[in-house]
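This report refers to the structure that appears directly beneath it.
In our numbering, the protein residues as written are 807 to 1121.
The structure is reproduced here in structure tokens:
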């Protein structure tokens, strides 16, 4: 990766458009955080995390958050926002970020968003108009009881009330399916009807760090092996269990946590845990690549106004 070329392009971009946003994107293990910190060293900016796992407190190792010490001198936002037993929607994330932007601008700082979650990206890039529907924890627990009794129950319900939205999700994408059903339950209008695309929220430089599948998977394997060898990932999961967070909480029932909890509960050995972590993360990276490729198609077929697109190959 030509870091100096990226730096030069970003500097030129900010010189022309000081209040536009730089957004760094691609799948997990592609050095997005590292690139944002490199830009911070060279250009005075503030970094906003767009990762739906990094918003949770106490979940630091697998989510690869920067440390508390690093945060003292590298300005980061949208880290450690809620506890693991709380629900935090993409719409809530957007409202937090929208409130942050004027404050950062007032400090005369540039803005860099680092993407990990495609849905968060949609909230800014597609700028969906969505109803302000607060999460209903009691209703969600009732729905999950039905799902646990009858697998695919939630997906089948979404197919009935909002087939267009159901087509966007795999039946195992419970979190997204549950949210779409919740919106329908509270508004009696399908999410696919309510989620209308608008012009990009803020003029943007979309910067892709393209890394091939084989290279990405090698980096994932290396990261998993190191995290388990150091013992910190297992320690973090044990601490979360000791704090009475369980797999029933959405944040815990996620890659990097559910596999280690299975190991800690004696469902399998550490070798099997490592295998599951690698396999599930490879699949997750594949889904991310598929999601983000849609925007590359946009760039080629229907580029948005006030958006600059650029792809950089990682080596």
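For glycine and all other residues, C-beta sits at the position ideal for the given N, C-alpha and C.
Just to check my reading of the structure: residue i and residue j have Cβ atoms closer than 8 Å, yes? What is that Cβ distance to the nearest angstrom?
i: residue 899; j: residue 936; result: Their Cβ separation, rounded to whole angstroms, is 12 Å, which puts residue 899 and residue 936 out of contact at 8 Å.
i: residue 829; j: residue 1118; result: Not confirmed; about 13 Å, so no contact.
i: residue 852; j: residue 910; result: 5 Å
i: residue 861; j: residue 884; result: 6 Å
i: residue 1001; j: residue 890; result: No, residue 1001 and residue 890 are not in contact; Cβ-Cβ is about 27 Å, not under 8 Å.
i: residue 1053; j: residue 1064; result: 6 Å
From the DSSP output, read off the bridge partner residues of residue i.
i: residue 1016; result: 1119
i: residue 862; result: 888
i: residue 882; result: 853
Going by DSSP in three states, residue i sits in which element: helix, strand or coil?
i: residue 962; result: helix
i: residue 849; result: coil
i: residue 887; result: coil
i: residue 819; result: helix
i: residue 948; result: helix
i: residue 855; result: strand
i: residue 917; result: strand
i: residue 939; result: coil
i: residue 1113; result: strand
i: residue 1071; result: coil
i: residue 844; result: helix
i: residue 1022; result: helix
i: residue 839; result: helix
Hey, would you say the C-beta of residue i is under 7 Å away from at least one heavy atom of the ligand ADP?
i: residue 940; result: Only the bare structure without any ligand can be found here, which leaves the ligand ADP out of the picture.
On the DSSP letters alone, give me the boundaries of the alpha helix (DSSP H) that residue i sits inside.
i: residue 903; result: 896-912
i: residue 1089; result: 1076-1107
i: residue 985; result: 980-993
i: residue 877; result: 874-877
i: residue 931; result: 924-931
i: residue 999; result: 997-1000
i: residue 971; result: 969-972
i: residue 1043; result: 1038-1048
Pick from the options: whose alpha carbon is nearest that of residue i?
i: residue 1092; options: 964, 1113, 1017; result: 1017
i: residue 932; options: 944, 938, 924; result: 924
i: residue 806; options: 1045, 849, 1005; result: The structure shown has nothing for residue 806, since the chain only spans 807 to 1121.
i: residue 1008; options: 1111, 888, 836; result: 1111
i: residue 919; options: 946, 1013, 905; result: 1013
i: residue 834; options: 1034, 1051, 1096, 1042; result: 1096
i: residue 938; options: 1026, 1035, 897, 987; result: 897
i: residue 847; options: 984, 881, 861; result: 881
i: residue 1033; options: 980, 982, 1062, 1046; result: 1062
i: residue 941; options: 894, 934, 1044, 996; result: 894
i: residue 981; options: 901, 949, 996, 968; result: 949
i: residue 993; options: 838, 975, 1053, 968; result: 968
Determine whether the Cβ of residue i lies closer than 8 Å to any Cβ atom of chain C.
i: residue 986; result: Reference to chain C is not applicable here, since this structure consists of a single protein chain.
Could you check where the beta strand (DSSP E) with residue i kicks off and where it finishes?
i: residue 828; result: 827-831
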